[in-house]
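Right, one structure below, let's go through it.
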Amino acid sequence: TPRVFSGIQPSGGLTLGNYLGAMKRFVDMQDEGSFQTVYCMVDQHAITVWQDPEKLRHATRELCAGFIAAGIDPDRSILFNQSQVPEHAQLAWIFNCVARMGWMQRMTQWKDKAGKNQQNASLGLFAYPALMAADILIYHATHVPVGEDQKQHLELTRDVAIKFNHDYGVDFFPITEPVIEGAATRVMSLRDGSKKMSKSDPSDASRINMTDDADTIAKKIRKAKTDPDALPSEAKGLEDRPEARNLVNIYAALADSSVDAVLAEMGGKQFSEFKPILSELAVEKLAPISTEMARLMQDPAEIDRILGHGATQARELATPILKKTYDIVGMISS
Ligand code: AQP
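Okay, structure coming up:
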């Protein structure tokens with residue numbers, strides 16, 4: 012069976028962007044049944060930017076609770092945190108020696124996150140895409156569901172696989188397919204339609220957190236930036252209207268519908284009318300998830316048990332692939 016891998020960083024609370032762009036798709040791919048699904052809390056990626064240790068532990072457990080509350084079943088998917096499967100970091104070292112500095116320098120996430128002071132960014136932040144390639148390729152995963160922002164990193168993953176196979180004259184690592192689908196592959200900030208919704212945006216009003224209560228969700232949507240025009244009846248009427256497009260995309264993704272279908276129904280409505288409808292749908296879809304997350308978080312020992320079990324299963328897949336990689340590279344392993 013083809014294998015799916017994807018991950019989310021426990022670098023803060025889950026946002027609606029993570030949910031619609033990634034997690035909801037992870038659930039779809041699990042439920043679809045034609046893939047073996049492997050999902051990871053990438054704590055080693057999170058620390059490429061300093062994290063408070065207690066908050067990291069909490070965010071990792073909360074993310075695990077989020078996965079389960081959103082519909083990931085630890086009996087049907089492998090669910091674990093990256094640092095408990097050391098094979099990721101071991102393969103990443105080899106990939107550090109395959110990937111080129113120039114490839115990393117071109118990554119927009121590196122440029123955005125390192126900012127002007129690249130000399131002071133961590134070496135881990137620079138090498139982030141090589142670890143990500145290892146996360147995927149240590150399972151020989153063929154399909155990777157992600158949001159639009161990760162497209163460039165997935166191209167680099169393909170480049171790493173191609174160069175490794177070429178350098179060692181093997182046909183060992185698969186060339187992975189990004190799966191970037193649905194109405195909300197790039198959810199934007201509620202305050203600025205040109206910026207992506209992000210966990211680490213300093214403005215809490217810019218995002219919907221999966222732990223926000225109904226009143227907070229309604230308030231954030233009410234205050235979301237829009238333009239004065241009514242909703243168009245066709246998708247092309249959203250061109251040059253990033254904030255309007257974002258709210259329609261969010262609605263379509265939450266409703267499991269398409270932008271065209273949403274506009275056919277909502278075209279002509281003012282935002283004063285559409286926003287309460289959107290809030291109601293958002294609360295209807297998100298409240299059961301946040302309630303279940305809170306319930307699961309009351310038993311952190313159970314979450315740790317689930318993560319430990321997932322790590323054991325993940326290692327069973329990763330160990331032989333790392334051993335074979337070591338053999339190919341010329342390392343002695345017994
Ligand atoms: N705004 C978004 N719209 C659609 N998809 C998104 N993703 C993130 N933001 C959006 C997708 O969520 C998955 C996990 O992302 P991540 O946690 O690994 O890191 P990120 O992309 O850097 O997310 P954040 O929220 O912006 O975190 P910080 O602020 O820490 O950098 C990925 O599949 C991503 O595409």
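Going by the UniProt record's numbering, the sequence shown opens with residue 12, and the numbers climb by one from there. Each residue gets a CB set at the ideal place from its N, CA and C atoms; glycine is no exception. Computed from a predicted model, the values in this text were never measured in an experiment.
Straight-line CA distance for residue 53 to residue 279? 43 Å
State the CB to CB distance for the pair residue 67 and residue 57, rounded to an integer number of angstroms; the pair is presumed to be in contact (CB under 8 Å). 6 Å
Rounded C-beta distance between residue 260 and residue 195? I'm assuming under 8 Å. Yes, they are in contact, since the Cβ atoms of residue 260 and residue 195 sit about 5 Å apart, within 8 Å.
With a threshold of 8 Å on Cβ separation, who are the neighbours of residue 344 within its own chain once the five nearest residues in sequence on each side are excluded? 334, 337, 338
Rounded to whole angstroms, what is the Cα-Cα separation between residue 100 and residue 55? 9 Å
Can you check DSSP and say which residues form a bridge with residue 52? 19, 92
Compute the Euclidean distance between the alpha carbons of residue 117 and residue 164, then round it to the nearest angstrom. 10 Å
With H, G and I counted as helix, E and B as strand and the rest as coil, what does DSSP make of residue 425? Outside the displayed span of the chain (12 to 345) sits residue 425, for which this structure offers no information.
May I ask you to report which of helix, strand or coil DSSP gives residue 14? In this structure, residue 14 counts as strand in the three-state DSSP scheme.
Along the chain, where does the alpha helix (DSSP H) containing residue 320 start, and where does it finish? 311-340
Grouping DSSP H, G and I as helix and E and B as strand, with all else coil, what is residue 155? strand
Cα separation between residue 206 and residue 213? Taking the straight line from one Cα to the other gives about 12 Å.
Let me know if residue 177 comes out buried or exposed under the rule of 16 or more other beta-carbons within 10 Å of its beta-carbon. exposed
What are the partner residues of residue 190, as DSSP defines its beta bridges? DSSP, once it has assigned bridges, lists 156 as partnering residue 190.
Compare the beta carbon distance of residue 304 and residue 221 with 8 Å and say whether it is the shorter of the two. yes
In three-state DSSP terms, what is residue 128? coil
I'd like the span of the alpha helix (DSSP H) that includes residue 77, first residue to last. 64-81
Tell whether a beta-carbon distance below 8 Å holds between residue 121 and residue 170. no
Can you give the Cα-Cα distance for residue 242 and residue 73, rounded to whole angstroms? 37 Å
Are there 16 or more other CB atoms within 10 angstroms of the CB of residue 340, so buried, or fewer, so exposed? exposed
Residue 45 classed as buried or exposed, judged by whether at least 16 other C-beta atoms fall within 10 angstroms: With fewer than 16 Cβ atoms within 10 Å of its Cβ, residue 45 is classed as exposed.
Cβ neighbour criterion (16 or more within 10 Å) applied to residue 144: buried
Assign residue 250 to buried or exposed, taking buried as 16 or more other Cβ atoms, counted over all protein chains shown, within 10 Å of its Cβ. With fewer than 16 Cβ atoms within 10 Å of its Cβ, residue 250 is classed as exposed.
Given the structure, does residue 197 come close to the ligand AQP, in the sense that its CB is under 7 Å from one of the ligand's heavy atoms? yes
From this set, 133, 199, 124, which residue's C-alpha is nearest residue 159's C-alpha? 199
Sorry if obvious, but does the Cβ on residue 19 come closer than 7 Å to a heavy atom of the ligand AQP? yes
Excluding the 5 residues flanking residue 136 on each side, which residues of the same chain have their C-beta closer than 7 Å to its C-beta? 59, 60, 121, 124, 125
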